[in-house]
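For reference, the structure is listed below as structure tokens.
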Amino acid sequence: MSFIEQLIALRTILLKEIKRFLRIWVQTILPSAITMSLYFIIMGKFIGSQINDVHGFSYIEFIAPGLIMMGIITNSYANSVSSFYSSKFQRHIEEMLVSPMPNYIIILGFMLGGIARGIIVGAVVTVVALFFTQLQTHNLSLVVVTTILTAALFSIAGIINGVFANSFDDISIIPTFVLTPLTYLGGIFFSIEMLPKFWQNVSLANPILYMVNSFRLGILGITDVSLATAMMVIIGMLIVLFALCLYLLNKGIGIRS
Numbered sequence: 005m006s007f008i009e010q011l012i013a014l015r016t017i018l019l020k021e022i023k024r025f026l027r028i029w030v031q032t033i034l035p036s037a038i039t040m041s042l043y044f045i046i047m048g049k050f051i052g053s054q055i056n057d058v059h060g061f062s063y064i065e066f067i068a069p070g071l072i073m074m075g076i077i078t079n080s081y082a083n084s085v086s087s088f089y090s091s092k093f094q095r096h097i098e099e100m101l102v103s104p105m106p107n108y109i110i111i112l113g114f115m116l117g118g119i120a121r122g123i124i125v126g127a128v129v130t131v132v133a134l135f136f137t138q139l140q141t142h143n144l145s146l147v148v149v150t151t152i153l154t155a156a157l158f159s160i161a162g163i164i165n166g167v168f169a170n171s172f173d174d175i176s177i178i179p180t181f182v183l184t185p186l187t188y189l190g191g192i193f194f195s196i197e198m199l200p201k202f203w204q205n206v207s208l209a210n211p212i213l214y215m216v217n218s219f220r221l222g223i224l225g226i227t228d229v230s231l232a233t234a235m236m237v238i239i240g241m242l243i244v245l246f247a248l249c250l251y252l253l254n255k256g257i258g259i260r261s
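Heads up: take any position in the sequence shown, counting from 1, add 4, and you land on the numbering used here.
Rendered as structure tokens:
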């Protein structure tokens with residue numbers, strides 16, 4: 005395929021992905037707004053009013069960037085895993101694989117769809133946050149870069165989950181037993197400086213900690229980890245997962261019977 009034809013193929017997949025989740029926005033967008041509103045009310049207002057300031061910010065201000073990032077992570081992952089497995093279940097992913105379209109275009113299409121949903125949900129949660137607290141922007145470029153890289157990373161992770169899933173139940177195993185614990189322990193609701201030394205070191209092994217802190221640095225200007233380290237972790241994982249995903253599609257693992 006020529007470069008122009010690849011762009012047309014990529015645009016087609018992306019538009020299909022965007023139309024898919026916008027068509028059912030009541031299931032894909034609205035739940036995040038409701039869930040995050042509850043977090044802001046319960047964790048931010050009720051419990052947060054009893055907690056001292058964190059790094060000079062009220063507790064609700066401190067957790068706001070983390071809650072926005074939580075929405076981005078969960079929705080970019082959910083979009084890719086559900087869409088890719090549906091394509092595999094309906095067997096039209098096979099038509100894409102046997103077409104002249106390169107496999108990396110397929111990955112990029114699903115990935116960009118996940119990024120689009122993650123960004124839209126992130127924007128919605130940001131609007132929700134403004135009803136509860138004031139948000140500043142310390143570094144807009146860092147906010148944008150962290151959002152895109154994080155959404156891309158979890159979109160690809162969702163595709164990999166979809167590759168190995170053999171039923172609709174399988175697409176919920178990783179989010180339930182891996183993604184949710186890592187998210188809650190990723191520094192959204194606390195600074196790792198609050199933890200004993202041992203648990204601080206354990207927390208540093210959680211990749212979501214680096215994403216949340218990079219995003220919080222862009223919003224509030226505070227972080228528990230080095231920005232350079234955070235970027236290396238995020239970009240490094242993105243490269244590894246993209247290479248793994250491309251390998252799986254090239255080999256037909258989880259798709260060819």
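We put the CB at the ideal spot given by N, CA and C, even for glycine. The structure displayed is predicted, hence computed values, not measured ones.
Report yes if the CB atom of residue 69 is closer than 8 Å to the CB atom of residue 220, and no otherwise. Position 65 of the sequence shown, counting from 1, holds the residue named residue 69. Position 216 of the sequence shown, counting from 1, holds the residue named residue 220. Their beta carbons are under 8 Å apart, which means residue 69 touches residue 220 by this criterion.
Assuming residue 163 and residue 93 form a contact by the criterion Cβ under 8 Å, report the distance between their Cβ atoms to the nearest whole angstrom. Taking the sequence shown and counting its residues from 1, one reaches residue 163 at position 159. Taking the sequence shown and counting its residues from 1, one reaches residue 93 at position 89. Actually they are not in contact, since the Cβ atoms of residue 163 and residue 93 sit about 14 Å apart, beyond 8 Å.
Hey, residue 177 and residue 110: beta-carbon distance below 8 Å or not? Here the question's residue 177 lines up with position 173 in the sequence shown. Here the question's residue 110 lines up with position 106 in the sequence shown. Cβ atoms of residue 177 and residue 110: not closer than 8 Å.
Helix, strand or coil at residue 58 [DSSP, three-state]: Here residue 58 corresponds to residue number 54 of the sequence shown, with the count starting at 1. Residue 58 carries a strand assignment under DSSP once its states are collapsed to helix, strand and coil.
Taking all protein chains shown into account, do 16 or more other C-beta atoms lie within 10 angstroms of the C-beta of residue 9, making it buried, or fewer, making it exposed? Taking the sequence shown and counting its residues from 1, the one referred to as residue 9 is at position 5. Residue 9 should be labelled exposed.
Which value, in whole angstroms, describes the spacing of the CA atoms of residue 126 and residue 58? One-based indexing of the sequence shown puts residue 126 at position 122. One-based indexing of the sequence shown puts residue 58 at position 54. Distance between the alpha carbons of residue 126 and residue 58 is about 23 Å.
Measuring straight from C-alpha to C-alpha, what distance separates residue 122 and residue 215? Counted from its first residue, the sequence shown places residue 122 at position 118. Counted from its first residue, the sequence shown places residue 215 at position 211. So the alpha carbons of these two residues sit roughly 14 Å apart.
Backbone CA spacing between residue 223 and residue 217 [nearest angstrom]: Residue 223 sits at position 219 when you count from the first residue of the sequence shown. Residue 217 sits at position 213 when you count from the first residue of the sequence shown. Linking residue 223 to residue 217 through their CA atoms gives a straight-line distance of about 10 Å.
Around the C-beta of residue 148, are 16 or more other C-beta atoms found within 10 angstroms, so that it is buried, or is it exposed? Residue numbering aside, residue 148 sits at position 144 when the sequence shown is read from its first letter. Under this definition residue 148 is an exposed residue.
Helix, strand or coil at residue 105 according to DSSP, with G and I counted as helix: As a first step, residue 105 must be located in the sequence shown, where it is residue number 101. Looking at residue 105 - three-state DSSP - the assignment turns out to be coil, as it is neither helix nor strand.
What residues in its chain sit with their C-beta under 8 Å from that of residue 278, if we drop five residues either side in the sequence? The structure shown does not extend to residue 278, since the chain spans only 5 to 261, so no value can be given for it.
Helix or strand or just coil, what does DSSP make of residue 32? Sequence index remark: in the sequence shown, residue 32 carries index 28 (1-based). Shown here, residue 32 sits in a helix according to DSSP, grouped into three states.
Within 10 angstroms of its Cβ, does residue 52 collect 16 or more other Cβ (buried), or is it exposed? Your numbering for residue 52 matches position 48 in the sequence shown. Residue 52 is buried by the Cβ-count criterion.
Output needed for residue 195: all residues of its chain with C-beta closer than 7 Å, excluding positions within five of it in sequence on either side, in chain order. Here residue 195 refers to the residue found at position 191 of the sequence shown. Cβ neighbours of residue 195 beyond the five flanking positions: 58, 59, 228.
Proximity to residue 173 [Cα-Cα], best of 90, 241, 26: The residue labelled residue 173 in the question sits at position 169 within the sequence shown. The alpha carbon of residue 173 has as its nearest neighbour, out of 90, 241, 26, the alpha carbon of 90.
Compare the beta carbon distance of residue 258 and residue 167 with 8 Å and say whether it is the shorter of the two. Mapped onto the sequence shown, residue 258 falls at position 254. Mapped onto the sequence shown, residue 167 falls at position 163. A contact, by the Cβ cut-off of 8 Å.
Provide the residue span of the alpha helix (DSSP H) that contains residue 162, from first to last. Within the sequence shown, numbered from 1, the residue matching residue 162 stands at position 158. 144-168 is the extent of the alpha helix (DSSP H) around residue 162.
Would you mind giving the Cβ-Cβ distance between residue 192 and residue 116, rounded to the nearest angstrom? I have them listed as a contact below 8 Å. The sequence position of residue 192 within the sequence shown is 188, counting from 1. The sequence position of residue 116 within the sequence shown is 112, counting from 1. Actually they do not touch by this definition, with Cβ atoms about 26 Å apart.
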